[in-house]
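Just so you know, the sequences run in chain order A and B.
The first sequence begins at 17 in this note's numbering and counts up one residue at a time.
The second sequence begins at 668 in this note's numbering and counts up one residue at a time.
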Amino acid sequence: MLKIKNLHATVGGTEILKGLSLDVPAGEVHAIMGPNGAGKSTLSYVLTGRGGYEVTQGSATLDGEDLLALEPNERAAKGVFLSFQYPLEIPGVPALTFVRTALNAQRKARGEPEVTAPEFLKLAREKAAGLKMDFDMLKRPLNVGFSGGEKKRMEILQMAMLAPRFAILDETDSGLDIDALRIVSDGVNAMRSPDRAMLVITHYQRLLDYIRPDRVHVLVGGRIVASGGPDLAHELEREGYDKYARAA
Amino acid sequence: MSLATVILTGDVAELPSKRDEDWRWTDLRGLIRAVPPASLVYEGPIGPGPFEGAETLAVVNGHGPTRLHVRAGEQRVVAVRFVSHATETAHLARFALEVDAGASVTLLESYEGQGSGYIAHADLDIRLGEGARLERVVLADDEADAVSVSSAEVALSAGSVFGQTALTSGAKRQRIETRVTHPGHGATVRMDGAYLLADKRHSDITTVVVHDGVDGTTEQLTKGVVRDQARGIFQGRIVVSEGADRTDARMGHHALILSERAEVDAKPELLIYADDVQCAHGNTIGALDEAAIFYARQRGIPDAQARAMLTEAFIGEVIDRIGHEGARDAARAWAAKRLGGY
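Structure, rendered in structure tokens:
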């Protein structure tokens, strides 16, 4: 589904991604682990098209389509979703309004009809209940005054409602206590499907006890330096990134 | 020295200029070389105004009703339309609103340009009796090449409740000025505004609230959005006179500048001559949060729509404070229409 080949990207003139290649097939969940500064968040921003991140070489495609040529909102309409490490606060826009606007913009871009208000509310209630969220919270301005954990839960709620084909979860575990981690992980696991792929970016192996990845990749110095099965996460937890950092 | 006097006398030397501290950003003397002829009486159709379903008084080219008296015990919603159906002419409207003790009024005041190049001044005298309530919602849509000034003197009494929201899209030069005499003693003032300016439009929202008695409150929130080469001005002054203890006054002004050549000038002033008061003011001028824009785009919302949504939300805080539901809806629709092009 997602194919990245020899991707090089710079931020403010500094090269952060230095020939990253990665292949995430449909139906699979892959984890990317790596030390601070390895380029994990840069990868998520390059794939979603944030300004200031310049691709200098290489390619990234989703089902064969060149992602890098598309605007951020066009990528979203193609099914790319990023759960932000630090979700933004949107003052004055209730969460429900925001998600409905997003969902309808995506549907419009795909040539689908808009969701009606009753359909949308039904969907929102159902998904909020699944994530054990107070529905009234969705009437408040998005993320304004929310705790770190509430923001992360709101990210997963948006993911559940937008139903992307390819989701990137950037440090979704940070800011979550153990109960919230379980609820969020359950929410993510419920979305696993043969026609959806996910990329889980994390510092720690803890999240991967709940969201079991099919593959684990080690990102160091802007490249994938090792790949393996779920056990690789445990090995990294025990031994750290030192030996990979030296190799890079 | 006022535009009103000059419209009557034709003596442009009397126009306020940038040498006058209170008018330094809205120079009329430098702009108006000669006073154009007086606007003619117009009695033809003027179309619907921005506020629907209310008792309506229309003042066209300065001609029409000159006063409204709301008697004790009455509760009224009245639309007053100041229409400039004029081209290259000048007119002055004077209007008095008297609200007796205990009466309640919603004043839906509109400035409507239906011509070009006119010079207009509306001069309002507003008096509230004890415990009287007035919510004044002003919607100003003047022509891009017009000069338009609205000035209101508002005198409150003990226990009266005055709320104001002035919304404007500017003009070639435009000023909406409100001067409130605040007697305290339980009287409260809400003094809000929003300016949404594009092209080369100019708008000046000037307010003065003078607290003369104990136990008065004023809360003020003005927001602005400027783009292209537009220029927004906010001058807010709150004076707490000697002895006006336990005054609680808060003023906020926040503006978004959406293009390089747009400009905002702000002068928030608190002049405090009493000891036991709570006063605060905040002033911010900046751009839209690009990180928030990216966040919205990542969710699938196109750039222009994301900007319009965030800008509307920014202005929405002012609109949400309008008490009258119909006026709030009209204001929201007006702002959405104005901001849709971002």
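A virtual CB, placed ideally from N, CA and C, is assigned to each residue, including glycine.
Since we're looking at a predicted model, the values are computed, not measured.
Let me check one thing: in DSSP terms, what residues is T218(A) bridge-paired to?
M49(A)
What three-state label does DSSP hand R208(A) in the structure shown?
coil
Inspect the beta-carbon positions of S870(B) and Q841(B) and report whether they are closer than 7 Å.
yes
Closer than 7 Å, CB to CB, is K94(A) near chain B or not?
no
Rounded separation between T77(A) and L83(A) - CA only:
5 Å
Residues that DSSP places opposite N120(A) in a beta bridge:
N120(A) is not bridged to any residue.
Reduced DSSP category for D996(B) - H, G, I as helix; E, B as strand; rest coil:
helix
Assuming G74(A) contacts N22(A) under a Cβ cut-off of 8 Å, what Cβ separation, rounded to an integer in Å, is found between them?
4 Å
Provide the residue(s) that pair with M858(B) in DSSP beta bridges, ordered along the chain.
Q831(B) and Q887(B)
Does DSSP put E142(A) in a helix, in a strand, or in coil?
helix
Using the beta-carbon count (16 or more within 10 Å), is D859(B) buried or exposed?
buried
Could you compute how far the alpha carbon of Q201(A) sits from the alpha carbon of P229(A)?
Note on residue identity: the sequence assigns Ser, not Gln, to residue 201(A). So the two alpha carbons sit approximately 12 Å from each other.
Taking only runs of the alpha helix (DSSP H) that begin and end inside the segment 705 to 768 of chain B, which ones reach a length of at least 4 residues, in chain order?
none
Please list, in chain order, the chain A residues whose beta carbon lies closer than 7 Å to that of M976(B).
V109 and T117
So V907(B) is in the beta strand (DSSP E); what residue range does that whole segment cover?
R898 to V907
Mind checking whether H758(B) and Y709(B) have CB atoms under 7 Å apart?
no
Where E779(B) falls, given that 16 or more other Cβ within 10 Å makes a residue buried:
buried
Shortest alpha-carbon distance to Y226(A) belongs to which of R126(A), T188(A), K124(A) and A93(A)?
T188(A)
Hey, how far is the Cα of L47(A) from the Cα of E984(B)?
With the sequence shown as reference, residue 47(A) is identified as Ala, and Leu is not the correct amino acid for it. Taking the straight line from one Cα to the other gives about 42 Å.
Should L932(B) and W692(B) be called a contact, given that it needs their Cβ atoms to be closer than 7 Å?
Before going on, a small fix: residue 932(B) reads as Asp here, not Leu. Going by C-beta atoms, D932(B) is nearer than 7 Å to W692(B).
Any beta-carbon of chain A closer than 7 Å to the one on I989(B)?
no
Would you mind telling me which residues of chain B sit closer than 8 Å to L178(A), beta carbon to beta carbon, in chain order?
R966 and G967
I'd like to confirm the pairing. Which residues does DSSP put opposite T58(A) in its beta bridges?
Answer by DSSP bridge pairing: none, since T58(A) is not bridged.
Taking any Cβ of chain A, which residues in the segment 937 to 954 of chain B have a Cβ under 8 Å from it, in chain order?
none
Using CA atoms only, rank isn't needed, just tell me which of T72(A), L137(A) and A121(A) is closest to E130(A).
A121(A)
Using a Cβ cut-off of 7 Å, pull out every chain B residue sitting near L104(A), in sequence order please.
A958, A959 and Y962
I want to verify the contact list: residues of chain B whose CB lies under 9 Å from the CB of R181(A), in sequence order.
Per Cβ cutoff of 9 Å: no residues; R181(A) is ~13 Å from chain B at best.
What separation, rounded to the nearest whole angstrom, lies between the Cα atoms of D186(A) and I240(A)?
17 Å
Quick check on DSSP: helix, strand or coil for I227(A)?
coil
Kindly list the residues whose CB is nearer than 8 Å to the CB of K94(A), restricted to its own chain and excluding five residues on each side of it in sequence; keep chain order.
L78, E81, L83, L86 and R181
At the level of alpha carbons, what is the spacing between K839(B) and D812(B)?
5 Å
Partner residues on chain A for F1032(B), Cβ-Cβ distance less than 9 Å:
Chain B is shown only over 668 to 1009; residue 1032(B) falls outside these bounds and no answer can be derived.
Could you tell me how far apart the beta carbons of Q174(A) and R966(B) are, in whole angstroms, since I believe they sit closer than 8 Å?
7 Å
Buried or exposed (CB count within 10 angstroms, at least 16 for buried), D195(A):
exposed
Reduced DSSP category for Y778(B) - H, G, I as helix; E, B as strand; rest coil:
strand
In angstroms, rounded to a whole number, what distance separates the CA positions of Y1009(B) and L158(A)?
With a pLDDT of only 49 at Y1009(B), under 50, the local geometry of the prediction cannot be trusted, and no value is derived from it.
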